[in-house]
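Numbering (numbering that gives the first Met the number 0), first residue to last: 0 to 387. Here the structure comes first, spelled out in structure tokens, and everything after it is commentary.
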Amino acid sequence: MDKNEIKILLVEDDKGDLLLTKKALNNCPQLVNFIMDSAGSLSETIKCLNSDKEYDVILLDMGLPDSNGLETVRRVCEATDIPIVVLTGLGDEEIGLSAIKTGAEDYLTKDMPLNKFLVRTIRYVLERKRVEEELKAAHIRLVRSEKLATVGQLASTVAHELRNPLAVIKNATYLLNMEEKIKTEPDIRENIDIISEETNNADKIISDLLQFSRVKEPTLRVTGINKIVERVLKKVKVPSKVKITTKLHNDLPDIEMDSLQIEQVLCNIVSNGIQAMDYGGEMIIETAIEDNYVIVSVADTGCGISKENLKKVFEPLFSTKAKGTGLGLPVCAMLIDKHYGQINIQSQLDKGTTFIVKLPIDKNTENLEKTSDNPAAESAAAAITKGE
Ligand SMILES: Nc1ncnc2c1ncn2[C@@H]1O[C@H](COP(=O)(O)OP(=O)(O)O)[C@@H](O)[C@H]1O
Ligand SMILES: [Mg+2]
Numbered sequence: 000m001d002k003n004e005i006k007i008l009l010v011e012d013d014k015g016d017l018l019l020t021k022k023a024l025n026n027c028p029q030l031v032n033f034i035m036d037s038a039g040s041l042s043e044t045i046k047c048l049n050s051d052k053e054y055d056v057i058l059l060d061m062g063l064p065d066s067n068g069l070e071t072v073r074r075v076c077e078a079t080d081i082p083i084v085v086l087t088g089l090g091d092e093e094i095g096l097s098a099i100k101t102g103a104e105d106y107l108t109k110d111m112p113l114n115k116f117l118v119r120t121i122r123y124v125l126e127r128k129r130v131e132e133e134l135k136a137a138h139i140r141l142v143r144s145e146k147l148a149t150v151g152q153l154a155s156t157v158a159h160e161l162r163n164p165l166a167v168i169k170n171a172t173y174l175l176n177m178e179e180k181i182k183t184e185p186d187i188r189e190n191i192d193i194i195s196e197e198t199n200n201a202d203k204i205i206s207d208l209l210q211f212s213r214v215k216e217p218t219l220r221v222t223g224i225n226k227i228v229e230r231v232l233k234k235v236k237v238p239s240k241v242k243i244t245t246k247l248h249n250d251l252p253d254i255e256m257d258s259l260q261i262e263q264v265l266c267n268i269v270s271n272g273i274q275a276m277d278y279g280g281e282m283i284i285e286t287a288i289e290d291n292y293v294i295v296s297v298a299d300t301g302c303g304i305s306k307e308n309l310k311k312v313f314e315p316l317f318s319t320k321a322k323g324t325g326l327g328l329p330v331c332a333m334l335i336d337k338h339y340g341q342i343n344i345q346s347q348l349d350k351g352t353t354f355i356v357k358l359p360i361d362k363n364t365e366n367l368e369k370t371s372d373n374p375a376a377e378s379a380a381a382a383i384t385k386g387e
């Protein structure tokens with residue numbers, strides 16, 4: 000689909016006005032690329048908004064057979080956050096202003112030469128929406144980095160405090176294990192094994208916390224991503240019920256990165272994918288090149304992530320696992336952000352998830368943005384796209 004195409008939903012019950020507006024749109028020399036649907040009532044409008052179709056802007060007549068006046072604006076605003084331009088009767092400036100206060104972005108009165116004002120208004124509204132989304136994304140990034148800093152400090156203190164007593168428990172268990180008596184006492188032996196296993200779990204949590212609180216600036220060296228993928232596969236434990244296939248592009252440029260940090264990112268993503276395939280499944284790890292980016296995608300056939308949870312997976316401490324710390328993906332996001340890269344997620348519940356990590360080949364490109372935020376988290380704004 001053409002990215003520059005403007006998709007308009009025209010809500011108008013009056014056949015004459017509908018024709019006039021359509022004609023105005025067709026006669027706009029600046030608006031050559033648009034598609035339009037029309038609805039003649041509020042219920043039809045809501046149906047269109049709930050369908051699979053996507054719209055960029057709604058042109059809304061407030062007087063409809065099943066709803067009238069500002070109530071129409073209120074109801075459509077409730078149903079969507081697509082920008083609304085209200086079409087009001089002759090000289091209805093006051094109503095137009097009230098419509099803006101109710102949630103519309105702009106209004107046009109029917110005595111304005113539509114072919115002249117319509118395009119200007121649509122363009123203005125779309126641009127405003129884009130800027131608002133950018134602002135929202137910047138705000139989310141700021142709040143997240145503050146939250147991360149606070150959690151990081153706390154994590155570091157707690158982890159350090161716990162590390163020593165845990166080391167003492169580990170040593171004591173080791174010494175107990177050496178005792179001759181233990182070998183003849185299966186009950187005691189079993190309990191010591193439980194202590195050992197749980198101390199190892201606790202140790203893993205502490206390592207996660209420390210990793211999280213110590214995200215360092217990357218030490219950049221020119222490296223190939225395929226080598227890192229191979230190292231990751233040697234490191235992670237793959238259960239026999241999970242099959243991992245790699246499709247590594249054999250002509251990728253080496254790029255500047257901190258190979259340990261990128262290895263950590265891929266380890267976290269691959270481990271999550273394996274954990275999502277409780278009953279077994281397949282993982283495909285692929286490397287590729289796209290525009291100015293080297294891409295690594297990790298696709299699993301696991302449990303998938305609900306739309307609701309997609310918004311939260313990069314939040315520190317969010318986890319759906321009994322023994323999860325919820326720190327893996329926030330660390331990934333921070334590390335990839337430091338590499339001026341992006342992480343996108345595509346997921347379908349019960350079908351699987353694909354994580355796509357993009358690393359810029361040329362970091363000097365001025366218009367590279369720090370956009371590793373969860374696009375779903377940014378009100379579905381940036382990176383995460385729903386499974387298609
Ligand atoms: N590949 C995946 N499939 C399904 N869910 C995932 C996947 N990766 C991450 N998640 C979800 O994101 C959450 C956060 O992941 P993460 O930050 O690594 O923390 P943890 O693994 O400790 O739970 C997980 O608990 C899980 O709900
Ligand atoms: Mg994890």
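Glycine included, C-beta positions come from ideal geometry on N, C-alpha and C.
Check                                                                                                                                                                  : Outcome
With respect to the alpha helix (DSSP H) encompassing R213, which residues constitute its N-terminal and C-terminal limits?                                            : No alpha helix (DSSP H) holds R213; DSSP gives it neither H nor E.
Report the CB separation of T398 from H248 in whole angstroms; it is logged as a contact under 8 Å.                                                                    : Lying outside 0 to 387, the shown extent of the chain, residue 398 is not represented and no answer is given.
CB G303 to CB S346, shorter than 8 Å?                                                                                                                                  : yes
Since S42 is in the alpha helix (DSSP H), which residue starts that stretch and which ends it?                                                                         : 41-49
Below 6 Å CB to CB, which residues in the same chain sit around L348 once its five sequence neighbours on both sides are set aside?                                    : G303, S305
May I ask which residues mark the beginning and end of the beta strand (DSSP E) holding T245?                                                                          : 241-246
Would a C-beta distance cut-off of 8 Å place L69 and T101 closer than the cut-off?                                                                                     : yes
Give me the residue from V75, L175, G272 with the minimum Cα distance to C47.                                                                                          : V75
Using the Cβ count rule (16 or more neighbours within 10 Å means buried), how would you classify T324?                                                                 : buried
My guess is that M333 and L147 are in contact by the Cβ rule of under 8 Å, so how many angstroms apart are they, rounded?                                              : 7 Å
Report the residue from I139, E179, T172, G15 whose alpha carbon sits nearest the alpha carbon of N190.                                                                : T172
Can you tell me where the alpha helix (DSSP H) holding Y54 begins and where it ends?                                                                                   : No alpha helix (DSSP H) holds Y54; DSSP gives it neither H nor E.
State the Cα-Cα distance for the pair E216 and I139, rounded to the nearest angstrom.                                                                                  : 22 Å
Once DSSP output is grouped into helix, strand and coil, what is the label at P315?                                                                                    : coil
Starting from K337, follow the alpha helix (DSSP H) in both directions and report where the run begins and ends.                                                       : 327-337
Which stretch, first to last residue, makes up the alpha helix (DSSP H) that contains K6?                                                                              : Run containing K6: none in the alpha helix (DSSP H); it sits in the beta strand (DSSP E), 5-10.
Unbroken alpha helix (DSSP H) runs of length 4 or more, entirely within the stretch 131-168: which are they?                                                           : none
Evaluate I383 with the Cβ neighbour count: other Cβ atoms within 10 Å of its Cβ, from every protein chain shown; 16 or more gives buried, anything less gives exposed. : Because I383 sits at a pLDDT of 28, beneath the cut-off of 50, its placement in the model cannot be relied upon, and the following sentence gives the value as read from the coordinates. It counts as buried.
My output table needs one value for G102: the three-state DSSP class, helix, strand or coil.                                                                           : coil
When you compare only the Cα positions, how much space is there between T364 and I99?                                                                                  : With a pLDDT of only 48 at T364, under 50, the local geometry of the prediction cannot be trusted, and no value is derived from it.
Do N225 and L251 have their C-beta atoms within less than 8 Å of each other?                                                                                           : yes
Report yes if the C-beta of G270 is less than 7 Å from at least one heavy atom of ligand 2; otherwise report no.                                                       : According to the sequence provided, residue 270 is Ser. The question's Gly does not apply to it. Checking every heavy atom of ligand 2 against the Cβ of S270, one is found closer than 7 Å.
Quick one: grab the DSSP three-state call for G351.                                                                                                                    : strand
Taking only the alpha-carbon atoms, compute the straight-line gap between L117 and E43 and give it to the nearest angstrom.                                            : 23 Å
Here's the rule: buried if 16 or more other CB atoms are within 10 angstroms of the residue's CB, otherwise exposed. What is G351?                                     : buried
Any idea which residues DSSP pairs A287 with across the strands?                                                                                                       : I294
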